[in-house]
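Since the structure comes first, as structure tokens, the remarks are kept for the end.
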Amino acid sequence: MKKSSIKSSLINLVVLIIVFGILIVLCEFDILSNYIRGILMVCCISIIMACSQNITVGYLGQIALGGAGFMGIGAYTAAIITKAMASANILVGEGVPDTLRFLIAILAGGILAAIFGVLVGIPALRLRGDYLAIITLGFGEIIRVVIQNLKFLGGKGFSEGSAGQALVGINRISNLYVVFWVMVICVALMYTFIRSKYGRAIIAIRNDDIAASASGLNITFYKVLAFTVSSFFAGVAGGIFAHYIGSLSAGSFGWLKSTEYVIMVVFGGMGSLTGSVIAAIVLTALPEALREFSDYRMLAYSVALIIVMIYRPTGLLGTYEVSVTRLINKILGKKEPSLHAIKAEVEASGTKEEEVVK
Amino acid sequence: MSDQLVTFVLQILNGLKIGSVYALVALGYTMVYGIIKLINFAHGDFIMVGSYALLYTMPIMVSMGMPAWMAVVIAIAICALVGITVEKVAYKPVRKKGNNMSALITAIAMSLFLENLAQTIFGAAPKPVGTIFSFPDMVFGEVKINGNTILTIIIGVSVMIALQFFVKNTKLGKSMRAVSEDGQAAVLMGINKNRTITMTFAIGSGLAAVASLMYCASYPQATPTIGAMLGLKAFVAAVLGGIGIIPGAMLGGIVIGLVESLSKAYIGDLTGGVITSAFSDAIVFGILIIVLLVKPSGILGKNVGEKV
Numbered sequence: 008m009k010k011s012s013i014k015s016s017l018i019n020l021v022v023l024i025i026v027f028g029i030l031i032v033l034c035e036f037d038i039l040s041n042y043i044r045g046i047l048m049v050c051c052i053s054i055i056m057a058c059s060q061n062i063t064v065g066y067l068g069q070i071a072l073g074g075a076g077f078m079g080i081g082a083y084t085a086a087i088i089t090k091a092m093a094s095a096n097i098l099v100g101e102g103v104p105d106t107l108r109f110l111i112a113i114l115a116g117g118i119l120a121a122i123f124g125v126l127v128g129i130p131a132l133r134l135r136g137d138y139l140a141i142i143t144l145g146f147g148e149i150i151r152v153v154i155q156n157l158k159f160l161g162g163k164g165f166s167e168g169s170a171g172q173a174l175v176g177i178n179r180i181s182n183l184y185v186v187f188w189v190m191v192i193c194v195a196l197m198y199t200f201i202r203s204k205y206g207r208a209i210i211a212i213r214n215d216d217i218a219a220s221a222s223g224l225n226i227t228f229y230k231v232l233a234f235t236v237s238s239f240f241a242g243v244a245g246g247i248f249a250h251y252i253g254s255l256s257a258g259s260f261g262w263l264k265s266t267e268y269v270i271m272v273v274f275g276g277m278g279s280l281t282g283s284v285i286a287a288i289v290l291t292a293l294p295e296a297l298r299e300f301s302d303y304r305m306l307a308y309s310v311a312l313i314i315v316m317i318y319r320p321t322g323l324l325g326t327y328e329v330s331v332t333r334l335i336n337k338i339l340g341k342k343e344p345s346l347h348a349i350k351a352e353v354e355a356s357g358t359k360e361e362e363v364v365k
Numbered sequence: 495m496s497d498q499l500v501t502f503v504l505q506i507l508n509g510l511k512i513g514s515v516y517a518l519v520a521l522g523y524t525m526v527y528g529i530i531k532l533i534n535f536a537h538g539d540f541i542m543v544g545s546y547a548l549l550y551t552m553p554i555m556v557s558m559g560m561p562a563w564m565a566v567v568i569a570i571a572i573c574a575l576v577g578i579t580v581e582k583v584a585y586k587p588v589r590k591k592g593n594n595m596s597a598l599i600t601a602i603a604m605s606l607f608l609e610n611l612a613q614t615i616f617g618a619a620p621k622p623v624g625t626i627f628s629f630p631d632m633v634f635g636e637v638k639i640n641g642n643t644i645l646t647i648i649i650g651v652s653v654m655i656a657l658q659f660f661v662k663n664t665k666l667g668k669s670m671r672a673v674s675e676d677g678q679a680a681v682l683m684g685i686n687k688n689r690t691i692t693m694t695f696a697i698g699s700g701l702a703a704v705a706s707l708m709y710c711a712s713y714p715q716a717t718p719t720i721g722a723m724l725g726l727k728a729f730v731a732a733v734l735g736g737i738g739i740i741p742g743a744m745l746g747g748i749v750i751g752l753v754e755s756l757s758k759a760y761i762g763d764l765t766g767g768v769i770t771s772a773f774s775d776a777i778v779f780g781i782l783i784i785v786l787l788v789k790p791s792g793i794l795g796k797n798v799g800e801k802v
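Those sequence lines, one after another, are chains R and D. Numbers 8 to 365, taken from our numbering, label the letters of the first sequence in order. Numbers 495 to 802, taken from our numbering, label the letters of the second sequence in order.
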């Protein structure tokens, strides 16, 4: 690792710890109401979802409208696993933290979503552009309909379940502190993935797939890889969602939900993870702040989206990543490093949740 | 005739009825796609616009002593106007500046906009649409056929024939085909491309209004999201027949309608109750996926090589 990249990673870590410290203080001294904490939790979920969708929409450059379907798979898997653990008395009781079950469940949710991501991705990614959008939409809807009609995924679950009902009685064991770090790790992983050899290959495919394939990249492999990674994190987000909300209905994982996350990606900038983070926070918190106008939320979003598309087709931030290191350098009045150094820094600067503070 | 056969015939007729609705909507998708290579996600919502237009103009028509179905003329005009506005305000500027992806996102945004606008204006609750036409039931021996079903099929088929005539024989229709074949060459031949695109949107949206008349005759309700699923299924139909190809959309629509109706009736028995009629939406999307994987250009489409 280069010296500058170690430095900027450390800076980012410090900023994250400060943010977390503020969060702990606010929560422990009861400054934040339960309502605000709930919004923060939803923010974390939205951040993971928006970043995961950015991998396909922004970096791979293909509109996929099935994100909510994978989120649904993750949510139901995680919920079923904690339910099964609770009924079989595994990892339950004194001395065993709920968080352990929670982490196992969301990991499992992510893995199952990733498996489905491979299964859906291999056939779907033969297509591109409009067709890909439609086929992922189709898969997402199929996932939704199938979940809705599986008997053990409705009502109380398992043998007591009934098709077509919401799955209820999920342990609400998601803890804001844990979710915060899960979110940080997820975004960090996605960031390093995009900066890795694989990520660069994916970006190359977005820029020109024919040239990329002529340069010896296995297009199908990288496309499926990007789709799978994106599905995995969507599944993790779903797992958190299940344990936060406590009951699941398949109807809430339709294609409209997918478009909501795609909207976040587009606002933030297609190809900017920090952009997705900011957009996810703003678009989750803003409607809550303006509750009396909540009826007009989607109306305003759609108009804003059209305007963004007309005047800035790549989204507000485009592919620009916000970097704290650069900000600090600027404040300290250091001379702007050469373009090469900036690139190295950006590549290594790790996670970007610092933006939460602003 | 045995009971089973009667049920089968009725299911086929049902399939043709809903299939002709799908076909009219699919025509709108296909014409727009053919000419500007854009999946107009908002097209399904033009049906919604049409059904609200019917809902509010029908009482006026009746009070003026005209038959209720005459309201469709106004509905067609309103839908065409909405279609043209959508294209002028949103799609045209994006098409000039952005790429395919931003155009697609704009179309999705437009769809969300129309749905939410309708929800704000008319409320989310479904509103009942009055009786549009009631045609006497027809009786053939033991088979009793709903008159509206027959009428819907007849309207659908005649609109399709008229459209086919229009596209093949009129000047505007020919220019539409020319622009969709090769836009730049068409401009060189003196065709006004922008006017042709506008007219395509107007006609496509007008067809959606006719489709909403046919749909509301069987399911007399107007909701802000009436067009969402209907539009998606019609889109599947357009892809199935080969998007951009007008006869393909008709064929696709009828096939999807038949599949949906027959699968609703028989899939439970065929699979021993594993897959029930509740899966019918999944089956339609399953067809889409199979088509896209086996022959993405659709039943009537030709495979075109890719230009580097």
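Even glycine gets a Cβ: it sits at the ideal position worked out from N, Cα and C.
Taking the Cβ atom as the reference point for each residue, do D/VAL704 and D/LEU549 lie within a distance shorter than 9 Å? Not in contact: D/VAL704 and D/LEU549 (Cβ atoms no closer than 9 Å).
* Asked: Candidates D/SER514, D/ALA601, D/GLY780: which alpha carbon is nearest D/ASP539's?
  -> Nearest Cα to D/ASP539 within the set D/SER514, D/ALA601, D/GLY780: D/ALA601.
Would the stretch 291-305 of chain R and the stretch 104-124 of chain R be scored as touching if the rule is three or more Cβ pairs under 8 Å?
A contact is defined here as three or more CB-CB pairs under 8 Å, and the stretch 291-305 of chain R fails this definition with respect to the stretch 104-124 of chain R.
Practice problem: Report the three-state DSSP secondary structure of R/GLY258 (helix, strand or coil). | Solution: Residue state, collapsed to three classes: helix.
inquiry  = Since R/ILE80 and R/PHE123 should fall inside the 8 Å C-beta cutoff, what is the C-beta to C-beta distance between them, to a whole number of angstroms?
reply    = Right, their Cβ atoms sit about 5 Å apart.
TODO: Give the straight-line distance between the Cα atoms of R/GLY325 and D/VAL623, rounded to the nearest whole angstrom.
DONE: Spanning the two alpha carbons is a distance of roughly 46 Å.
By the three-class DSSP mapping on this structure, what secondary structure does D/LYS789 have? DSSP, read as helix, strand or coil, puts D/LYS789 in coil.
- Jot down the residue ranges of each uninterrupted alpha helix (DSSP H) in the stretch 512-564 of chain D, minimum 4 residues, whole runs only, in chain order. Here the runs fully enclosed are 537-557.
Residue nearest to D/ALA597 in terms of C-alpha spacing, selected from D/LEU752, D/ILE649, D/LYS531: Measuring from the Cα of D/ALA597, the nearest candidate turns out to be D/LYS531.
- Query: Residues in the stretch 766-794 of chain D with C-beta within 8 Å of chain R's C-beta atoms, listed in sequence order?
  - Reply: Listed by position along the chain: THR770, ALA772, PHE773, ASP775, ALA776, PHE779, GLY780, LEU782, ILE783, LEU786, LEU787, PRO790.
Is any beta-carbon of chain D found at less than 9 Å from that of R/LEU255? In terms of beta-carbon proximity, R/LEU255 stays away from the interface with chain D, with every pair separated by 9 Å or more.
Q | Assigned exposure category for R/LYS264 - 16 Cβ within 10 Å defines buried | A | It is buried - the Cβ of R/LYS264 has at least 16 other Cβ atoms within 10 Å.
Proximal chain R residues relative to D/THR614, where beta-carbon distance stays under 9 Å: Ordered by position in chain R, the residues that pass the 9 Å Cβ test against D/THR614 are ASP302, TYR303, LEU306.
Looking at C-beta atoms only, is the number of pairs between the stretch 683-702 of chain D and the stretch 650-670 of chain D that lie closer than 8 Å three or more?
-> Touching, yes.
Using only the alpha-carbon positions, how far apart do R/LEU33 and R/ILE285 sit? Cα to Cα, R/LEU33 sits roughly 21 Å from R/ILE285.
Three or more C-beta pairs under 8 Å: does that hold for the stretch 236-243 of chain R against the stretch 156-166 of chain R?
No: fewer than three Cβ pairs fall under 8 Å.
Counting pairs of Cβ atoms below 8 Å between the stretch 25-41 of chain R and the stretch 184-191 of chain R, do you hit three or more?
-> Counting Cβ pairs under 8 Å, three or more are found: they touch.
**Item:** Min CB distance R/MET316 to chain D below 9 Å
**Value:** For R/MET316, the answer is yes, since a Cβ of chain D falls inside 9 Å of its Cβ.
From what residue to what residue does the beta strand (DSSP E) around D/MET632 run? 632-634 is the extent of the beta strand (DSSP E) around D/MET632.
* Members of the stretch 515-545 of chain D near chain R, C-beta cut-off 7 Å -> Result list: ILE533.
**Q.** N- and C-terminal bounds of the alpha helix (DSSP H) containing D/VAL637
**A.** Not the alpha helix (DSSP H): D/VAL637 falls in the beta strand (DSSP E), residues 637-639.
Query raised in the report: From this set, D/LYS758, D/THR625, D/ALA728, D/GLU636, which residue's C-alpha is nearest D/LEU886's C-alpha?
Result: Within the shown structure, residues of chain D are numbered from 495 to 802, placing residue 886 of chain D beyond reach of any answer.
Point to revise | Uninterrupted alpha helix (DSSP H) stretches inside the stretch 645-731 of chain D (no shorter than 4 residues) | key: Qualifying alpha helix (DSSP H) stretches, in chain order: 665-675, 677-682, 687-712.
Is the Cβ-Cβ distance between R/MET92 and D/VAL588 less than 9 Å?
-> For the 9 Å CB-CB criterion, R/MET92 and D/VAL588 do not form a contact.
Beta-carbon separation of R/ILE25 and R/VAL194 under 9 Å? With a cutoff of 9 Å on beta-carbon distance, R/ILE25 and R/VAL194 are scored as not near each other.
Checklist entry - Going by beta carbon distance, what residues of the same chain come within less than 7 Å of R/ILE7, once the five residues before and after it are set aside? => result This structure cannot speak to residue 7 of chain R, because chain R is shown only from 8 to 365.
query: What is the residue span of the alpha helix (DSSP H) that R/LEU67 lies within?
result: Premise fails: R/LEU67 is in no alpha helix (DSSP H) and is neither H nor E.
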